[in-house]
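A short write-up of the structure that comes next.
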Amino acid sequence: MPSHPKINYLVEGVTDAAIAQALIRASGGIPGIERVSRGKARLAIDLPKFNAAATYYPWLAIRDLDNDASCAPALRLALLPSQSSLMCFRVAVREAEVWLMADRTAFAEALGVPLRRVAEDPEKLSDPKLTVVKLARDSKRRSVRYGLVPEEGAGIPIGPEYAAWIIDFAQNTWNPARAAKTGASPSLAKALSSLSRLVEMTKRSSINESS
Amino acid sequence: MAKIEHHGLRLTRLKLTNWRNFQAAEVMLSKRAFFIGPNAAGKSNLLDAIRFLRDLVKPIAGGFSTALELRDGLTAVRCLQARRINFVEIDVDIGNDENRSLWSYRLRFNRFPREPFPTVEEEEIKRRGKSIKYQARDKDTQDPFRFSQSLIQQATNQAEFRELVEFFTSIRYLHVVPQIVRDPRRALERNEDPFGGDLLKRINEATPRTRDARLRRVAEALKIAVPQFVDLKLDHDKEGRPHLKAGFKHWRPNPSYQTEEVFSDGTLRLIGFLWSLGEKDGPLLLEEPELSLHPDVVRQLPAMIARMQRLSGRQVCMTTHSDALVGADGVGLHEVHRLIPSENGTTIETAKNNPEIRTLVESGLSVGEAAMPLARPKGVEQLSLFDAVAP
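First to last, the sequence lines map onto chains E and D.
If you count by the numbering used here, then the first sequence holds residues 11 to 221, one letter each, in order.
If you count by the numbering used here, then the second sequence holds residues 11 to 401, one letter each, in order.
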């Protein structure tokens with residue numbers, strides 16, 4: 011009887027993988043097989059396949075809402091009309107960065123900006139990535155400014171260490187339960203409770219199997 | 011004695027005329043430069059032009075004629091497509107974020123009819139845009155020997171442009187071969203081995219303070235790729251030979267340590283160039299840093315490089331065939347340079363200057379996803395049609 015069941019996860023990118031791992035640990039599970047789709051187009055293709063697998067094994071799938079639907083439930087329904095019993099498919103409003111920002115105090119501290127600069131309702135941000143980079147620009151830490159802000163002419167919104175910084179924060183500093191309690195991100199709170207239910211269910215089903 | 015006074019000095023512009031594949035090519039460089047293109051487009055020849063600058067000023071076994079001899083002479087260096095003009099020229103700017111051309115250096119050379127050796131045709135050193143040293147050879151010069159050396163290699167001259175000479179001297183080409191690093195005989199003998207034979211020696215020779223700080227930084231960068239990684243330290247065995255030891259986390263309370271003899275090839279290559287990146291020197295030239303690394307690690311490589319550069323400011327110029335490397339998060343349009351071969355020699359195009367790539371990136375593709383398809387060799391899918399085994 012495993013006290014910490016393995017939960018597999020399907021995500022868009024490497025930063026989301028780090029976030030998924032932290033969520034799984036916070037819900038009492040252990041991160042299992044990782045599937046990084048690299049982009050939401052490929053995630054949409056992967057989703058039905060892993061949903062089929064989730065009939066037998068627990069899977070967590072995370073996708074950004076971006077501006078692809080009016081709300082998270084609408085997007086979830088559009089991408090996956092019927093979820094398998096062991097599939098927990100969650101949509102981050104609007105990007106997974108918001109879930110990290112919801113842990114406001116820790117986020118402000120890590121980024122080296124005053125707490126008041128971190129939005130209290132980050133789900134309302136239209137482009138959270140850009141917001142993070144904007145904050146980083148004013149960071150008191152050189153490493154943050156240098157790493158997260160793109161160089162002139164880069165043509166991309168993020169700096170050379172952006173992904174590494176997000177991964178590092180998600181794995182070592184972010185506390186999903188604490189973040190969910192702030193109420194800053196309802197989509198995070200719902201994801202966490204839904205994932206906890208999945209963990210409980212997996213535990214119970216393995217008890218049944220072994221008895 | 012610090013001779014390089016400016017922080018974060020790097021090559022900001024490189025212009026080649028008739029240098030190997032490049033009849034006329036120019037490129038602007040930032041802290042990281044990724045050179046992509048099909049095989050034989052001239053990626054290594056481009057790095058070689060930068061190495062040539064170093065060979066020019068090397069105090070031992072260096073200088074203009076030696077640098078050319080090392081490359082099998084002028085005809086081997088000169089572009090096959092050279093037409094109207096037959097000289098070879100390298101023209102560079104060196105600067106930092108504040109001033110992109112603190113120094114400029116231009117060397118034009120050629121071999122004149124009925125002369126036994128190549129000579130300098132024109133050479134100029136500029137400081138902040140102002141010419142401080144210049145020599146040119148006119149057609150009726152009787153004494154070619156006067157021009158058999160470059161100005162920049164002459165020690166008596168160098169006081170005026172010491173920083174430039176130091177910068178060229180500290181250019182380093184690195185292609186770490188794990189077997190060579192592991193070979194204990196090499197550890198204390200080799201100097202400036204591009205294959206990494208002197209890696210342990212260099213780590214050993216750094217002052218303890220520098221060494222610890224730099225190893226800590228290397229370990230921190232490695233953690234991006236190998237999360238179980240705890241720390242990295244240098245120890246000596248009974249014979250006094252230095253060994254690298256890496257600590258890995260596992261289920262026991264204390265980390266366990268491994269020496270470089272059992273590191274994987276990939277780990278060793280990574281440590282090799284991350285250490286070099288921590289040295290506050292001129293450009294580090296890397297050939298295909300993705301070799302023997304897992305694609306997931308390669309994807310983290312640009313971030314690791316950036317993390318080391320934060321400490322040293324050292325520029326990295328690398329050739330690559332890896333989609334994962336160029337496609338990594340945070341690689342910008344200004345850092346990816348595509349070599350385009352043609353009948354008139356290879357040209358260099360920075361992704362930033364290609365409207366099509368720019369549009370693709372604006373619509374959400376990574377720079378690698380947008381630029382790499384253009385760098386693939388043409389007709390490669392037909393290779394399989396060749397009959398490798400003669401009937």
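Idealized CB from N, CA, C, for every residue including glycine.
Since we're looking at a predicted model, the values are computed, not measured.
Local Cβ density within 10 Å of residue i, reported as buried at 16 or more and exposed below that
| i | result |
| --- | --- |
| D/Cys-327 | buried |
| D/Ser-180 | buried |
| D/Phe-155 | exposed |
| D/Thr-27 | buried |
| D/Val-272 | exposed |
| E/Asn-185 | exposed |
| E/Ser-13 | exposed |
| D/Gln-189 | exposed |
| E/Leu-57 | buried |
| E/Met-11 | With a pLDDT of only 47 at E/Met-11, under 50, the local geometry of the prediction cannot be trusted, and the value read off the model is given with reservation. That one is exposed. |
| E/Gly-23 | buried |
| E/Lys-59 | exposed |
| E/Tyr-19 | buried |
| D/Asn-354 | exposed |
Pair within 9 Å by beta-carbon distance, residue i and residue j
| i | j | result |
| --- | --- | --- |
| D/Leu-370 | D/Glu-359 | no |
| E/Leu-73 | E/Leu-87 | Looking at the sequence itself, residue 73 of chain E is Arg, so the reference to Leu does not match. No, they are not a contact pair. |
| D/Gly-47 | D/Pro-351 | yes |
| E/Val-108 | E/Pro-91 | no |
| D/Asp-58 | D/Arg-81 | yes |
| E/Val-209 | E/Pro-41 | no |
| E/Leu-135 | E/Arg-100 | no |
| D/Gly-340 | E/Pro-160 | yes |
| D/Arg-348 | D/Ala-361 | yes |
| D/Leu-232 | D/Leu-280 | yes |
| D/Ile-142 | D/Glu-170 | yes |
| E/Leu-96 | E/Met-211 | yes |
| D/Ser-266 | D/Glu-300 | no |
| D/Glu-270 | D/His-246 | no |
| D/Ala-235 | D/Val-307 | yes |
| E/Asn-115 | E/Leu-125 | Just to set this straight, residue 115 of chain E is Thr in the shown sequence, not Asn. Taking 9 Å as the Cβ cut-off, E/Thr-115 and E/Leu-125 qualify as a contacting pair. |
| D/Gly-206 | D/His-185 | yes |
Range covered by the beta strand (DSSP E) that runs through residue i
| i | result |
| --- | --- |
| D/Asn-55 | It is not in any beta strand (DSSP E) - D/Asn-55 instead sits in the alpha helix (DSSP H) that spans 53 to 67. |
| D/Arg-93 | No beta strand (DSSP E) holds D/Arg-93; DSSP gives it neither H nor E. |
| D/Gln-33 | 32 to 38 |
| E/Glu-102 | Glu is not the amino acid found at residue 102 of chain E; the sequence shown has Ala there. From DSSP, the beta strand (DSSP E) with E/Ala-102 extends over 97 to 102. |
| D/Arg-182 | 182 to 184 |
| D/Arg-42 | 42 to 46 |
Cutoff 7 Å; reference residue i; Cβ partners in own chain excluding five residues on either side
| i | result |
| --- | --- |
| D/Pro-128 | Leu-78, Leu-84, Phe-119, Asn-120, Arg-121 |
| D/Asp-291 | Ser-180, Arg-182, Arg-324 |
| E/Ala-32 | Ala-180, Gln-181, Trp-184, Pro-186 |
For residue i, the first and last residue of its enclosing alpha helix (DSSP H)
| i | result |
| --- | --- |
| D/Glu-298 | Looking at the DSSP string, D/Glu-298 is not in any alpha helix (DSSP H), and its letter there is neither H nor E. |
| D/Leu-281 | A small fix is needed here, since residue 281 of chain D is Ile in this sequence, not Leu. Taken as a continuous stretch (DSSP letters only), the alpha helix (DSSP H) holding D/Ile-281 covers 275 to 288. |
| D/Asp-103 | From DSSP, D/Asp-103 is part of no alpha helix (DSSP H) but of the beta strand (DSSP E) over 98 to 105. |
| E/Tyr-172 | 172 to 182 |
| D/Gln-145 | Careful: D/Gln-145 lies outside any alpha helix (DSSP H), inside the beta strand (DSSP E) at 140 to 146. |
| E/Thr-141 | 138 to 147 |
| D/Phe-178 | 172 to 179 |
| D/Tyr-267 | Taken as a continuous stretch (DSSP letters only), D/Tyr-267 belongs to no alpha helix (DSSP H), being part of the beta strand (DSSP E) at 266 to 269. |
| E/Tyr-19 | Counting along the chain, E/Tyr-19 falls outside any alpha helix (DSSP H), though it belongs to the beta strand (DSSP E) covering 16 to 21. |
Close-in-space but distant-in-sequence residues of the same chain around residue i (CB under 8 Å, 5 per side omitted)
| i | result |
| --- | --- |
| D/Ile-104 | Leu-19, Arg-20, Leu-21, Thr-22, Ser-111, Leu-112, Trp-113, Ser-114, Tyr-115, Leu-174, Phe-177 |
| D/Leu-287 | Leu-294, Ile-315, Met-318, Gln-319, Ser-322, Arg-324, Val-326 |
| D/Ala-216 | Arg-224 |
| E/Ala-112 | Pro-132, Ala-189, Ala-190, Thr-192, Ala-194, Ser-195, Leu-198 |
Any non-hydrogen atom of the ligand GDP within 8 Å of residue i CB
| i | result |
| --- | --- |
| E/Cys-81 | The ligand GDP is absent from the structure shown, which contains no ligands of any kind. |
Contacts around residue i, its chain only, beta-carbon distance under 6 Å, and the 5 residues preceding and following it disregarded
| i | result |
| --- | --- |
| E/Ser-206 | Ser-37 |
| E/Lys-213 | Pro-15 |
| D/Thr-357 | Ala-35, Ile-350 |
| D/Leu-209 | Val-191, Gly-282 |
| E/Arg-147 | Val-159 |
| E/Ala-64 | Ser-94, Leu-96, Met-97 |
| D/Val-399 | Residue placement at D/Val-399 is flagged as unreliable, the pLDDT there being 49, under the threshold of 50; the coordinate-derived value follows with that caveat. Excluding residues within five positions, none has a Cβ falling inside 6 Å. |
Test: residue i CB closer than 9 Å to a CB of chain B
| i | result |
| --- | --- |
| E/Asp-178 | No chain B is part of this structure, whose protein chains are labelled E and D. |
- Task: Can you give me, in chain order, the residues of the stretch 142 to 175 of chain E that have a beta carbon less than 7 Å from any beta carbon in chain D?
- Result: Ser-153, Tyr-156, Gly-157, Pro-160, Glu-161, Gly-163, Ala-164, Gly-165, Ile-166, Ile-168, Gly-169, Pro-170, Glu-171, Tyr-172, Ala-173, Ala-174
Exercise. When Cβ atoms are compared, which residues of the stretch 298 to 311 of chain D fall closer than 9 Å to chain E?
Worked result: Asp-306, Arg-309, Gln-310
Given a limit of 8 Å on CB to CB distance, which residues of the stretch 39 to 51 of chain D reach chain E? Ser-40, Lys-41, Arg-42
| query | Taking any Cβ of chain D, which residues in the stretch 11 to 26 of chain E have a Cβ under 8 Å from it, in chain order? | reply | Result list: Gly-23, Val-24, Thr-25.
Of all the residues that make up the stretch 369 to 383 of chain D, which are near chain E by a beta-carbon distance shorter than 9 Å?
-> Val-371, Glu-372, Gly-374, Leu-375, Ser-376, Val-377, Glu-379
Could you run through the stretch 333 to 358 of chain D and flag, in chain order, every residue whose CB is less than 7 Å away from some CB of chain E?
-> Asp-339, Gly-340, Gly-342, Leu-343, His-344
Residues from the stretch 224 to 236 of chain D in contact with chain E, defined by Cβ distance under 8 Å: Ile-234
Q.
Short of 8 Å Cβ to Cβ, which residues in the stretch 74 to 90 of chain D face chain E?
A. So the list is empty, because no residue satisfies the distance condition.
By the 7 Å beta-carbon criterion, what residues does the stretch 312 to 332 of chain D contribute toward chain E?
Pro-312, Ala-313, Ala-316, Arg-317, Arg-320
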